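Enquirer: Our numbering puts the first residue of the sequence shown at 41, with every later residue one more than the last. Where is the CB? At the ideal position from N, CA and C, for every residue including glycine. All figures in this text were calculated on a predicted structure; none of them were measured in a lab. To start, I am sharing the structure in question, which I have written as structure tokens.
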Amino acid sequence: MSAEVKTMEQLVAELRARREQLKAGGGADRLAKQTKDGKRTARERVDDLVDPDSFEEIGLFARHRQTEFGMLGKEVPADGVVTGAATVDGRLVHLASQDFTVLGGSAGEVHSLKVAEAMELSLHTGTPFVFINDSGGARVQEGIDSLSGYGKVFFTNVSLSGAVPQISLICGPCAGGAAYSPALTDFVIMTRKAQMFITGPQVIKQVTGEQITAEALGGAETHMAHSGVAHFIAEDDQDAVHTCRRLLSFLPSNNLEDAPRIENDGDVDPNPELNTIVPVEPKRGYDVRDVIAAVVDQGDFLEVQSGYAMNMVVGFGRILGRSVGFVANQPQVLSGAIDINAATKASRFIRFCNAFNIPLVTFVDVPGFLPGVQQEYGGIIRHGAKMLFAYSATTVPKIQVILRKSYGGAHLAMGSKDLGADRVFAWPTAEVAVMGAEGAVEIVFRKEVETATDKAAKRAELIQEYKSTFSTPYAAAGRRLVDDVIEPADTRKHLAQALEYLHAKREQRPPKKHGLIPL
Ligand code: HXC
Numbered sequence: 041m042s043a044e045v046k047t048m049e050q051l052v053a054e055l056r057a058r059r060e061q062l063k064a065g066g067g068a069d070r071l072a073k074q075t076k077d078g079k080r081t082a083r084e085r086v087d088d089l090v091d092p093d094s095f096e097e098i099g100l101f102a103r104h105r106q107t108e109f110g111m112l113g114k115e116v117p118a119d120g121v122v123t124g125a126a127t128v129d130g131r132l133v134h135l136a137s138q139d140f141t142v143l144g145g146s147a148g149e150v151h152s153l154k155v156a157e158a159m160e161l162s163l164h165t166g167t168p169f170v171f172i173n174d175s176g177g178a179r180v181q182e183g184i185d186s187l188s189g190y191g192k193v194f195f196t197n198v199s200l201s202g203a204v205p206q207i208s209l210i211c212g213p214c215a216g217g218a219a220y221s222p223a224l225t226d227f228v229i230m231t232r233k234a235q236m237f238i239t240g241p242q243v244i245k246q247v248t249g250e251q252i253t254a255e256a257l258g259g260a261e262t263h264m265a266h267s268g269v270a271h272f273i274a275e276d277d278q279d280a281v282h283t284c285r286r287l288l289s290f291l292p293s294n295n296l297e298d299a300p301r302i303e304n305d306g307d308v309d310p311n312p313e314l315n316t317i318v319p320v321e322p323k324r325g326y327d328v329r330d331v332i333a334a335v336v337d338q339g340d341f342l343e344v345q346s347g348y349a350m351n352m353v354v355g356f357g358r359i360l361g362r363s364v365g366f367v368a369n370q371p372q373v374l375s376g377a378i379d380i381n382a383a384t385k386a387s388r389f390i391r392f393c394n395a396f397n398i399p400l401v402t403f404v405d406v407p408g409f410l411p412g413v414q415q416e417y418g419g420i421i422r423h424g425a426k427m428l429f430a431y432s433a434t435t436v437p438k439i440q441v442i443l444r445k446s447y448g449g450a451h452l453a454m455g456s457k458d459l460g461a462d463r464v465f466a467w468p469t470a471e472v473a474v475m476g477a478e479g480a481v482e483i484v485f486r487k488e489v490e491t492a493t494d495k496a497a498k499r500a501e502l503i504q505e506y507k508s509t510f511s512t513p514y515a516a517a518g519r520r521l522v523d524d525v526i527e528p529a530d531t532r533k534h535l536a537q538a539l540e541y542l543h544a545k546r547e548q549r550p551p552k553k554h555g556l557i558p559l
């Protein structure tokens, strides 16, 4: 054997050493700093997310090709991103996890190509893609190669959209154009260490003179309460991973499958609690999440965007083990009226459920669209229309349950029979009307009221007459806007039965490239 030829033993030892070195990312000091900062490392996050020993790394040995700005020969382990395949609760996913200890997790050309390749594997295998972000953005040393890499990631995000679920975890900085990849995905989970913005505080100060901290500008609370960019806030990295696993449990792996059905005990016994949650007085508030919790399996409801447009509640639950998307007016916020943000929030959620074969249950208690100059100037017509569009275009099973008020355009916008609901149930408290009786009397009977000797008594009499004619579930059932009037306590039983019978629903629409939802 010649002296230059290494033994297999030597080669294996070399391989192991290389592997260890690359897996150490930016080195012990930087890894320790990451831990000291209260963050998990890129590899720890992957370990936390996936089933033990299930991770198959792809591209550990990838190298950048940059020769300028001190990059010639520079070791950039895994090019700053851990990518590959793994299982989560036994189901395959593909993932990328940016390593902040390596050049600040910055995205060079090869880094982004690795991410895009993992995404393509998601698409080809029909499996969700999870992107854990922690990065200083485009790798400055790589200039437009880095920009081009991002472009490929965005393009691939769009190609995956509606085919496989995409979930972004934001566990550190995610600034500039980098924020657009999460924005193109279906769900954004932000930790309290994360910040997202297109232009940071310094640039804003230079351009507009406004002064703001990075946290106030782009922290998790901001993106939950103000921008609607975040769908979940996580206390820390482990909480983010936990939320991601929980979310995945409600979703199918791709648009050709149903969400996994969980074993259940078949219990649909009446729940008397439902007879008391909703006050019979139409103007008294309550928390509609109590209604949802009372109909789903084990009261387990995963609310999406819980701190944004809180007048509309959306999220996932299960009925007899089947994933269901819930949309509900929240009477304790703005009386449940639909405003611009609520309409946008609901429409996005409805379209997600439709894309991934998750049936929709809509609980209605809505006085109408929110009146106001800012709402009109802001385009409530355009944004409210999104709900009409989203429900009409949706072909998954759609079940509407009218709890109490259901007035006017908002009645239609909440997934009514006329917009294609497969079942409409009404509680005895339901009032379906073109508008509230008080308003209707003002318009139709103004003269009668004005000329009456006792105006107040006349108004009250006419209001009562209008109410008893239109504002009952039986009037709506008579006109077939309602399929059945049910006892609140039996709601879960009716939903379970309808979901079972509608399970195989197939609905064809005329072929076209895509409809034009009013954006
Ligand atoms: C190259 C980067 C980098 C980047 C950080 N680093 N961001 N290297 N390209 N974009 C490096 C730092 O030089 C440093 O290296 C290490 O990562 C850690 O960074 P620190 O600054 O020490 O960390 P910290 O104090 O925690 O601050 C993190 C940070 C800050 C807030 C993210 O690094 C930062 O502001 N970075 C620049 C952000 C930015 O402007 N990105 C470019 C945006 S352009 P050493 O070796 O010193 O430890 C863009 C356009 C994309 O994204 C368009 C796509 C469509």
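Using three-state DSSP, classify I390 as helix, strand or coil.
Expert: Looking up residue 390 in the sequence shown gives position 350. Helix.
Enquirer: What would DSSP say about H282, mapped onto helix, strand or coil?
Expert: Position 242 of the sequence shown, counted from the first residue, corresponds to residue 282. Note: H282 maps to helix in three-state DSSP.
Enquirer: Is the separation between the beta-carbon of P310 and that of D530 shorter than 7 angstroms?
Expert: As a position in the sequence shown, residue 310 is number 270, starting the count at 1. As a position in the sequence shown, residue 530 is number 490, starting the count at 1. Yes, the pair counts as a contact, with Cβ atoms nearer than the cut-off.
Enquirer: Exposed or buried, R179, counting other C-beta atoms within 10 Å across all chains shown (16 or more means buried)?
Expert: Taking the sequence shown and counting its residues from 1, the one referred to as residue 179 is at position 139. So R179 counts as buried.
Enquirer: I'd like to confirm something about A178: is its beta-carbon nearer than 6 angstroms to some heavy atom of the ligand HXC, or not?
Expert: Counting from one through the sequence shown, the residue named residue 178 turns up at place 138. Answer for A178: yes, Cβ within range of the ligand HXC.
Enquirer: With a cut-off of 8 angstroms, do at least 3 Cβ pairs link the segment 311-321 to the segment 346-360?
Expert: Result no; under three Cβ-Cβ pairs closer than 8 angstroms.
Enquirer: Taking 7 angstroms as the cut-off, decide whether the C-beta atoms of A203 and L163 are in contact.
Expert: As a first step, residue 203 is located in the sequence shown; it is residue number 163 there, counting from the start. As a first step, residue 163 is located in the sequence shown; it is residue number 123 there, counting from the start. A contact, by the Cβ cut-off of 7 angstroms.
Enquirer: G212 and V142 - do their beta-carbons sit closer together than 7 angstroms?
Expert: Position 102 of the sequence shown, counting from 1, holds the residue named residue 142. Position 172 of the sequence shown, counting from 1, holds the residue named residue 212. Result no, Cβ atoms of V142 and G212 do not sit closer than 7 angstroms.
Enquirer: Could you check which residue in A492, E490 and L452 has the C-alpha nearest to that of A473?
Expert: On the sequence shown, position 433 is the one that residue 473 refers to. Closest option to A473, Cα to Cα, is L452.
Enquirer: Applying the criterion that 16 or more other CB atoms from any shown protein chain within 10 Å of the CB defines a buried residue, is F101 buried or exposed?
Expert: Here residue 101 refers to the residue found at position 61 when the sequence shown is read from its first residue. F101 comes out exposed.
Enquirer: Decide if Y506 is buried, meaning its Cβ has at least 16 other Cβ atoms within 10 Å, or exposed.
Expert: Position 466 of the sequence shown, counting from 1, holds the residue named residue 506. Under this definition Y506 is a buried residue.
Enquirer: Can you look up R85 in the DSSP assignment and give me helix, strand or coil?
Expert: Taking the first residue of the sequence shown as 1, we reach residue 85 at position 45. Looking at R85 - three-state DSSP - the assignment turns out to be helix.
Enquirer: Whole angstroms is fine: what's the gap from D298's alpha carbon to L55's?
Expert: Walking along the sequence shown from the start, residue 298 turns up at place 258. Walking along the sequence shown from the start, residue 55 turns up at place 15. Each residue's Cα considered, the two are about 42 angstroms apart.
Enquirer: Can you tell me which of T225, I210 and T434 puts its alpha carbon nearest to the alpha carbon of F237?
Expert: On the sequence shown, position 197 is the one that residue 237 refers to. When only C-alpha atoms are compared, the closest one is I210.
Enquirer: I need the boundaries of the alpha helix (DSSP H) containing R232, first residue and last residue.
Expert: Indexing the sequence shown from 1 puts residue 232 at position 192. Run containing R232: none; DSSP gives neither H nor E here.
Enquirer: Is it the case that the Cβ atoms of S175 and A147 are separated by a distance below 7 angstroms?
Expert: One-based indexing of the sequence shown puts residue 175 at position 135. One-based indexing of the sequence shown puts residue 147 at position 107. Contact: yes.
Enquirer: Report back the beta-carbon spacing between A53 and I98 to the nearest angstrom; my notes put them in contact at under 8 angstroms.
Expert: In the sequence shown, the residue the question calls residue 53 occupies position 13. In the sequence shown, the residue the question calls residue 98 occupies position 58. Rounded, the Cβ-Cβ distance is 23 angstroms, inconsistent with contact.
Enquirer: To the nearest angstrom, report how far apart P550 and T165 are at their CA atoms.
Expert: Residue mapping note: residue 550 aligns to position 510 of the sequence shown, counting from 1. Residue mapping note: residue 165 aligns to position 125 of the sequence shown, counting from 1. Between P550 and T165, the C-alpha separation is close to 28 angstroms.
Enquirer: Does the distance from the CB of V522 to the CB of A450 come in under 7 angstroms?
Expert: For the purposes of this step, residue 522 is identified with residue 482 of the sequence shown, where counting begins at 1. For the purposes of this step, residue 450 is identified with residue 410 of the sequence shown, where counting begins at 1. Not a contact, by the Cβ cut-off of 7 angstroms.
Enquirer: Within 6 angstroms: the Cβ of A538 and any heavy atom of the ligand HXC?
Expert: Sequence index remark: in the sequence shown, residue 538 carries index 498 (1-based). It does not: the Cβ of A538 is nowhere closer than 6 angstroms to a heavy atom of the ligand HXC.
Enquirer: Give the secondary structure of Y447 by DSSP, where H, G and I count as helix, E and B as strand, and everything else as coil.
Expert: Numbered from its first residue, the sequence shown carries residue 447 at position 407. Three-state result, Y447: strand.
Enquirer: For F366 versus I332, is the C-beta distance shorter than 7 angstroms?
Expert: Within the sequence shown, residue 366 is the residue found at index 326, counting from 1. Within the sequence shown, residue 332 is the residue found at index 292, counting from 1. Their beta carbons are under 7 angstroms apart, which means F366 touches I332 by this criterion.
Enquirer: Quick one: what's got a C-beta closer than 8 angstroms to D279's C-beta in the same chain, skipping five residues either side?
Expert: In the sequence shown, the residue the question calls residue 279 occupies position 239. Around D279: T231.
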